[in-house]
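See below for the structure under consideration.
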Amino acid sequence: MERLNSFPMNTLETPEIIQIPDQQTDKGWIVTVLDNDYNSIDQVMFILIVATGCSQDEAEIETWEVHHLGKSVVHHGGEKKCRRVAEVIRTIGIQVLVTKED
-6 MERLNSFPMN TLETPEIIQI PDQQTDKGWI VTVLDNDYNS IDQVMFILIV ATGCSQDEAE
54 IETWEVHHLG KSVVHHGGEK KCRRVAEVIR TIGIQVLVTK ED
């Protein structure tokens, strides 16, 4: 125990957070989730949070749109990133479209 207490806490530095940019410079791609009859609202909300890193509030809004409007745009970005997001969402059987924005 003494060893832990003698650890000099003031020597710890906060690590630098490095943002990894989308590898493609083209933006203007979107991920659209389509409604289905077999995934629950909770499943859709959870996978949106996992796939896009959005907040619970944003996932709730997008899930409401999917359920009531039949679809929702859930992500914007470069093509490569959008395709990765779509792959994650598809893992629970949801139909997802990746398209170039108009």
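Residue numbering for the sequence shown follows this note's numbering, starting at -6 and increasing by one per position. Backbone N, C-alpha and C fix where the C-beta goes; we use that ideal spot for every residue, glycine too. Predicted, not measured: the structure shown is a model, and the values here were computed from it.
- When the alpha-carbon of residue 82 is set against those of 62, 69, 42 and 63, the nearest one is in 42.
- By the beta-carbon neighbour count (other beta carbons within 10 angstroms, threshold 16), residue 74 is buried.
- Boundaries for residue 40: no beta strand (DSSP E) harbours it, while the alpha helix (DSSP H) harbouring it runs 34 to 45, taken from the DSSP string.
- Annotated as distal: residue 65 and residue 91, with beta-carbon spacing of 8 Å or more.
- Between residue 69 and residue 23 the beta-carbon gap is near 6 Å, inside 8 Å, which marks them as a contact.
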